[in-house]
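Chains as they are written, first to last, in the working numbering: chain A, 1097 to 1726; chain B, 1097 to 1726. Here's the structure, in structure tokens; my notes come after.
Number of protein chains: 2
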Amino acid sequence: MTTSELAPLARQLRVDSVRAADAAGSGHPTSSMSAADLMAVLLARHLRYDFDRPGHPGNDRFILSKGHASPLLYAAYKAAGVVTDEELLTFRKRGSRLEGHPTPRRLPWVEVATGSLGQGLPIGVGMALSGKRLERIPYRVWVLCGDSELAEGSVWEAVEHAGHEHLDNLTAVVDVNRLGQRGPTRHAWDLHAYARRFAAFGWHVVEADGHDLEAVDRAFQEARSTIRQPTVILARTVKGKGVAAAEDREGLHGKPLAEAAAAVGELGGADGTDGLDGSGGTDGADAVRVDVRRPAAARALHATRSGHLELPRHEVGDSVATRTAFGQALAALGTARGDIVALDGEVGDSTRTEYFAKEHPERFFECYIAEQQLVAAAVGLAARGWVPYASTFAAFLTRAHDFVRMAAISGAGINLVGSHAGAAIGQDGPSQMGLEDLAMFRAVHGSTVLYPCDAHQTGELVARMADLDGVRYLRTSRGDTPVIYGPGEEFPVGGSKTLRSSDDDRLTLVAAGVTVHEALTAAEFLDREGIRVRVIDLYSVKPVDRATLREAADRTGCLLTVEDHRPEGGIGDAVADAFSDGGPVPRLVRLAVNTMPGSASPEEQLHGAGIDAESIAAAARLLVEQAVVR
Amino acid sequence: MTTSELAPLARQLRVDSVRAADAAGSGHPTSSMSAADLMAVLLARHLRYDFDRPGHPGNDRFILSKGHASPLLYAAYKAAGVVTDEELLTFRKRGSRLEGHPTPRRLPWVEVATGSLGQGLPIGVGMALSGKRLERIPYRVWVLCGDSELAEGSVWEAVEHAGHEHLDNLTAVVDVNRLGQRGPTRHAWDLHAYARRFAAFGWHVVEADGHDLEAVDRAFQEARSTIRQPTVILARTVKGKGVAAAEDREGLHGKPLAEAAAAVGELGGADGTDGLDGSGGTDGADAVRVDVRRPAAARALHATRSGHLELPRHEVGDSVATRTAFGQALAALGTARGDIVALDGEVGDSTRTEYFAKEHPERFFECYIAEQQLVAAAVGLAARGWVPYASTFAAFLTRAHDFVRMAAISGAGINLVGSHAGAAIGQDGPSQMGLEDLAMFRAVHGSTVLYPCDAHQTGELVARMADLDGVRYLRTSRGDTPVIYGPGEEFPVGGSKTLRSSDDDRLTLVAAGVTVHEALTAAEFLDREGIRVRVIDLYSVKPVDRATLREAADRTGCLLTVEDHRPEGGIGDAVADAFSDGGPVPRLVRLAVNTMPGSASPEEQLHGAGIDAESIAAAARLLVEQAVVR
């Protein structure tokens, strides 16, 4: 498409943005109108994308980081011929693929879900890293950002990462329309303010009038020809551009235009008719269509390579930290499978991803202490077909909570591994203790939550989680724990292990991770006193093994859960939930970390929190004495 | 103290850091040694602090953002005469005030808990805002940062905020020791790289050799005399400085020195003796003591002002969104009490903090789309005695999860208000829906979680939460809901309201927020069919009203929870937890958002998720038909 044909395309994108939001009765036309010229130029002149083959490895990647400008995206899809005018007008209606904020679960051309601001660029960094370091395919990653979202720290984590890695295949296009949701942004139209910041982080900066189609075209061209640096195009734009009553006006964010028909007319929409319903609209012979340029042939390199997995073996009775077992298993998995990649937040010596980094340096990504970028890069790599394992302390994964939430909306398959779980870490104190992570990950839609207690179990679960859907979380522990399972033992996700049982069990101890060992010791104490108890290792916290728990409930009548986690959202809740089916519910008692720990040895911590063997035995004894259990 | 006396002080800080970590058998001496000269100069020459009166309003505020360098902090306390050598050697032991990472719960001179990196500066911004805009006391806020933590986006949110607000009472001191936990940082000793970044955000930058005491002194002086800009001192330092075997060496992070006695000797510790146990140590007559300069007299302005609270009144039957009721109540509370402050993440027109902003602009803080800075500023303001209410969409509070976690460790009293809860928001889709927030906030130690369903209840709870301890969370809804309570009704935290009950109730519906109204409608449907059900409004999700739930369980035998939240971690779990005391447990069934919503109207969303009146009635009917309930 020549530059002279761009204006009609941009006009149509605006008209269709106005029409879609009008049909929906909600949505963000003004945020779409500011960026319409940018989108027109990108689509018609710079994007290389095969809409018939969204999985084409050579496709450029486009991320609408300002996801609320979805009308513009869908208008672009219409111009590209993959969405009809009829579908466009289903925007935001129940069952429509055209959601308020785009998601890849519905539309094959959407790379990742957006709508939580400040996420597009960090995820784009992950994709650009894949293109440059792993796939070695010259696709470009284009991220259209709003100006408001540049206030998010996650954007600057991405800017730092991209600058440092010289990601010249990444372009951020910032639609500087001056107005955020409730008024002016911090820097309004001061493009230089943004320019100084990006430049300081090593980016190539281009400033442009975002409504001058030729200037925008030159800016994109400059981005494409810049080497060794990512480029940011700072485009000065006007929110609501094209409709006088809406231009640069506060109070119109996220609202359809009041006089949509007149607005379409003013935009030159449909030969003087309003065109809202499509009758005089832009879907007919007059509709502007773009033939988006297709990418050169390219080959996916990582899809097939895979070999035999040789997990590390230990002697039963050995002492091995589950974090160490994780690191060893991940390195082994990386050897067996070429699609495994690992990322860390500059604590690889603690999480033990350093073993993977040493054996597979080309597939290891150091993200430094930037947990949002860590998880975002994993999402970006997953979108490119890799199987990422991202790791830091469990406590610090809370930094990336919103990215995990959005990953679930994307349907991204990522593995997150949090080390240093619980009070058991000891002297470092509560700031380093993962005590809320199970609650956080259980509430993620479609997630899997695993919490192993020994080395072989850890290795097995690390391998199994690779091929699950959605967000998979593995919780590891700092200190050594005894190896209690043999090397061949299987640990299906959704299963559990009953480690001790008899016909005389008076209650069931349900534990996972470090508390499994405490529960086993407690069971021995109690056994000497003639009190038999069942012990279940609930290594799969979500999904949870309802059948085994139900059977234990039927046999013993009382479940005592023990967890190195806050009382809320963790194992106690997972076990209670297993009985939320209207059936009879056993008596439930939970031991968890109710206190705010200080510094102390691991043993003192477990005792102080009331989750060590002695405390478990005491609680069980009390239940027996009070005849709560039979 | 003259500059010539600084060297012995710095030497002692190093010796004591080595000794403390050695006595503990863990800790971070090398990270302390790099910053010892910086600390010595600050303590002796620039800090104004009355250690006898940590609450003195004129005190400077010092935040050790690199909280792992706690040995240095405690050594400084010893030099200031508030910690004995004996106590110093209790470092990291059970019961000691000297935890692995400092917390204000144990030590009165610690402003906030640190240990999760990248939090000190954003919280310092909150304190600096208080000093400058509210208290108008010329104290300074000094934040000692590590270089690794500059990778955290939260740091750049703070840098942006401080630069934009011209916080010249704020100084960041960066201990650029080149080494992170597992190796070199991204920029190593490239001070200019950091300088460019800070300068681009409007900071005054000073680069210095962090071991040249006179240069450091000049840098601090320059920070104190810089106006209209915050200052960053970029200090080039050597990790492990002073002990040749430890200097600039990888692999020593977070480890006591191997040859501690020799190290103390090398540092010139104790006249050639090892001095580890204090015998030849630095606590005797030879110990260096610092008389820290005290601040000028100052007066706290906000402690006492308070008047009558006039909450807005509505007619029963009116339709008012709880977010609107929150905004109105907060504005009224701000009128009644001079210690109330409000903050928002650039969505005040949605959360309705705009009402407060309009009435009390001097006490409103716009944090733009930077949720970590939003919560951090609230923590900083709370530390200065204000009662902050920080608000954004519930979904986006997940961005600040780690700050909330650390706020609980600090024991900070903050109010967080998340709007747009649940699928009930409608068309905007899942990225904007708070569906995991209850899980996140319930798991926070000592938290309170409130979820009102009508305007009067909201107003009452907004007022009540102000004076609670710890993290308080209020969940508000986007859409209008009917006013069902009278204006005088009381809603104690930890209570609930039984809205419908009879002697024939066959089960109990437990709801909160929007689902209360659905449950009431469902109860009417069922009533017409001759099925009586009890309805409980569980507005206090944590603490939960165990007594009322127990009574309902005893009377009806089955509790059906209904929530606009994920099935995990929310109301269903809270209700189950209420019975985790070993007593008999009723049958439990939960309705929650099990699906991934798309776009649809609010009514369609509730129906799609199976939590509307029709779905509730259907579930109840099924339980009756299957004779699950009596």
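We treat Cβ as the ideally placed atom computed from N, Cα and C, and that holds for glycine.
- Using a Cβ-Cβ cut-off of 9 Å, Leu1531/B counts as an interface residue toward chain A, since at least one Cβ of chain A sits closer than that to its own.
- Restricting attention to beta strand (DSSP E) runs no shorter than 3 residues, the stretch 1182-1233 of chain B encloses none.
- In summary, Ile1712/B is buried, with 16 or more beta-carbon neighbours lying within 10 Å of its beta-carbon over all protein chains present.
- Residue state for Pro1150/B is assigned as coil, using DSSP reduced to three classes.
- DSSP places Trp1482/A outside both helix and strand once states are collapsed to three, so it counts as coil.
- Here the alpha carbon of His1307/A sits roughly 48 Å from the alpha carbon of Leu1570/A.
- If you draw a straight line from the Cα of Pro1198/B to the Cα of Gln1325/A, it is about 41 Å long.
- Within chain B, the residues placing a beta-carbon under 7 Å from that of Thr1494/A are His1497, Asp1498, Arg1501, ordered along the chain.
- Annotation for Glu1664/B: no alpha helix (DSSP H) segment contains it, and DSSP assigns it neither H nor E.
- Within chain A, the residues placing a beta-carbon under 8 Å from that of Glu1245/B are Ile1465, ordered along the chain.
- Using beta-carbon distances, Ser1515/B does not count as an interface residue toward chain A, since no partner is under 9 Å.
- DSSP, reduced to helix, strand and coil, places Phe1587/B outside both helices and strands of the structure shown, so it counts as coil.
- Contact check between the stretch 1687-1695 of chain B and the stretch 1694-1711 of chain A: fewer than three CB pairs, one atom from each, fall below 8 Å, which does not count as touching.
- The beta carbon of Arg1107/B sits closer than 7 Å to those of Leu1363, Gly1364, all from its chain and outside the five residues before and after it, given in chain order.
- Linking Ala1432/B to Val1416/B through their CA atoms gives a straight-line distance of about 23 Å.
- Look at Ser1415/A: its C-beta is not under 9 Å from any C-beta on chain B.
- For the stretch 1204-1236 of chain B, the beta-carbon criterion of a distance under 8 Å to any beta-carbon of chain A is satisfied by Ala1209, Thr1210, Gly1211, Ser1212, Leu1213, Gly1214.
- The Cβ neighbour count for Lys1335/A, taken over all protein chains shown within 10 Å, is at least 16; the residue is labelled buried.
- Closer than 9 Å at the C-beta level to chain A, one finds no residue of the stretch 1312-1337 of chain B.
- By the Cβ test, the stretch 1652-1659 of chain A is not in contact with the stretch 1504-1518 of chain B, since fewer than three Cβ pairs between them sit closer than 8 Å.
- Sequence-ordered contacts of the stretch 1283-1314 of chain A with chain B read Arg1292, Arg1293, Ala1295, Ala1296, Phe1297 [C-beta pairs closer than 8 Å].
- With 16 or more other Cβ atoms inside 10 Å of its own Cβ, Lys1638/A counts as buried.
- In this structure, the CA atom of Leu1109/A is about 23 Å from the CA atom of Gly1191/A.
- Within chain B, Pro1526, Ser1527, Met1692 have C-beta atoms less than 8 Å from the C-beta of Ile1505/A, given in sequence order.
- When only Cα atoms are considered, Gly1566/A and Tyr1547/A end up about 17 Å apart.
- Those residues of the stretch 1697-1720 of chain A placed with their C-beta closer than 8 Å to a C-beta in chain B are Ser1697, Glu1700, Gly1704, Leu1719, ordered along the chain.
- Taking each of Glu1556/B, His1260/B, Gly1522/B in turn and checking the Cα distance to Glu1699/B, the smallest one comes out for Gly1522/B.
- DSSP, read as helix, strand or coil, puts His1613/A in helix.
- Contact of Val1272/A with chain B by beta-carbon distance below 8 Å is absent, the smallest such distance being about 14 Å.
- Judged by DSSP in its simplified three-state form, His1300/B adopts strand.
- Boundaries of the beta strand (DSSP E) around Trp1238/A: 1237-1242.
- In this structure, Lys1337/A lies near Glu1343/A, with their beta-carbon atoms less than 9 Å apart.
- Interface flag for Ala1562/B against chain A is unset, since no Cβ pair is found closer than 9 Å.
- Per the DSSP secondary-structure output, Phe1294/A pairs with nothing in a beta bridge.
- Contact between Pro1352/A and Ala1117/A holds: CB atoms are separated by about 4 Å, below the 8 Å threshold.
- Out of Ile1436/B, Gly1518/B, Arg1314/B, the CA that lies nearest to the CA of Leu1330/B is found in Arg1314/B.
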